[in-house]
Amino acid sequence: MYFKLTYLNLKRIVFLVLALLTLQSSYSKTNVLENSKVKNKIEKATLVSIFSKLSKQTDYKFSYGQAIIADNKIYTVDYSDESVTLILNDLSKKANFNYNINGKLVLIQKSETPKPVTPKSVDRVKVKGKVVDENKVPIPGASILETSTSNSTVSDFDGIFEITIGEGKTLQVSYVGYKTKTVVVQNGFMTVQLEPDTAELNEVLVVGYGKQSKKDVTGAVTQLEAANFKQGINISPDNLLQGKVAGVRVVSTSGEPG
51 MYFKLTYLNL KRIVFLVLAL LTLQSSYSKT NVLENSKVKN KIEKATLVSI FSKLSKQTDY
111 KFSYGQAIIA DNKIYTVDYS DESVTLILND LSKKANFNYN INGKLVLIQK SETPKPVTPK
171 SVDRVKVKGK VVDENKVPIP GASILETSTS NSTVSDFDGI FEITIGEGKT LQVSYVGYKT
231 KTVVVQNGFM TVQLEPDTAE LNEVLVVGYG KQSKKDVTGA VTQLEAANFK QGINISPDNL
291 LQGKVAGVRV VSTSGEPG
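Each residue of the sequence shown is one higher than the last, beginning at 51 in this note's numbering.
The structure is reproduced here in structure tokens:
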């Protein structure tokens, strides 16, 4: 019985001694680190340069891998008469690394950089439809444009169109003589009905043989502004048009018969 009690007491004593030694070792490491201070000022340097200066000014050696060496960033720091613990705590947050102290050796390891979140690509949908006028007659050559993009198409002879756009986008449908219409994309086949632009169709055009309503003109029409006639030197009325309209050649004659 005495032997058992002595043996148990011995085990407890050994356990307590080991625990105290462990605590002392841990405390001594932390205490030494806290008491180890840099003598010369350290500022604006790479990680490798900072660790090199710390190694020269203290009893600690630093071990690190390629990730630390490859980090060429200049870190703006201001360490003067600071403890190694404070420096490592501050620098590890700025440079994103972990450190572990083993005796007089400080092991440095770069923390894994979280991968950037790739924005989800916008799903694209194919839209089919038909453009018609106020009488539901197909409009060929109507322009169909995806809003806020350069993605566009035109309707065919039967007013049919097909275009692939981003999901949730809108379409702008336009045609000469009709009001531009913005429509929300619908599921399935869609019909877009345009309304006549009364103001534009009622414009009167002066032609060489009289005047006509713009909607009745079958030929090509080019509009010139007053600013177009301010360029160059004009010595006669016919010179006003020379070179101003593509495909038009102005020829001056004497007016004599034949």
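Just so you know, even glycine gets a beta-carbon here, dropped at the ideal spot from N, CA and C. As the structure is a prediction and not an experimental result, all values here were calculated from the model.
Check                                                                                                                                                                                   : Outcome
Whole beta strand (DSSP E) runs in the region 181-265 with 3 or more residues, listed along the chain?                                                                                  : 193-196, 202-204, 210-216, 220-224, 231-234, 240-243, 254-257, 260-263
Taking DSSP as the reference, what is the three-state secondary structure of Asn-148?                                                                                                   : strand
Could you name the residues of the same chain whose beta carbon sits closer than 7 Å to that of Ile-92, not counting the 5 residues immediately before and after it, in chain order?    : Ile-100, Lys-103, Val-127, Tyr-129
Taking only three categories from DSSP, how would you classify Lys-123?                                                                                                                 : coil
Helix, strand or coil, according to DSSP, for Val-177 in the structure here?                                                                                                            : strand
When DSSP builds the beta bridges, which residues end up paired with Gln-159?                                                                                                           : Asn-148
Who are the Cβ neighbours of Ser-113 in its own chain at under 8 Å, not counting the five residues just before and after it?                                                            : Leu-155, Val-156, Leu-157, Ile-158
Have a look at Val-181 and Thr-241 and give me their C-alpha separation to the nearest angstrom.                                                                                        : 6 Å
Quick check on the burial criterion: 16 or more other C-beta atoms within 10 angstroms. Buried or exposed for Thr-80?                                                                   : Summary for Thr-80: the model assigns pLDDT 45, below 50, so the residue's position carries little reliability, and this model does not support an answer.
Could you check whether the region 137-152 touches the region 203-217, counting it as contact only if at least three pairs of C-beta atoms, one from each stretch, sit closer than 8 Å? : no
Rounding to the nearest angstrom, what Cα-Cα distance links Glu-162 and Asp-206 in this structure?                                                                                      : 56 Å
Take the Cβ of Ala-120 as the centre, count every other Cβ of all protein chains shown within 10 Å, and call the residue buried at 16 or more, exposed below.                           : exposed
Check Ser-78 in the structure and name its three-state DSSP category.                                                                                                                   : For Ser-78, the predicted model reports a pLDDT of 44, less than 50, meaning its position is unreliable and no value from the coordinates is stated.
Take Thr-232 as the anchor and find which of Ser-202, Gln-222, Gly-238 has the nearest alpha-carbon.                                                                                    : Gln-222
Rounded to a whole number of angstroms, what is the C-alpha to C-alpha distance between Asn-201 and Leu-195?                                                                            : 6 Å
Out of curiosity, what's the CA-to-CA distance linking Thr-197 and Val-187?                                                                                                             : 25 Å
Helix, strand or coil: which one does DSSP assign to Asp-128?                                                                                                                           : strand
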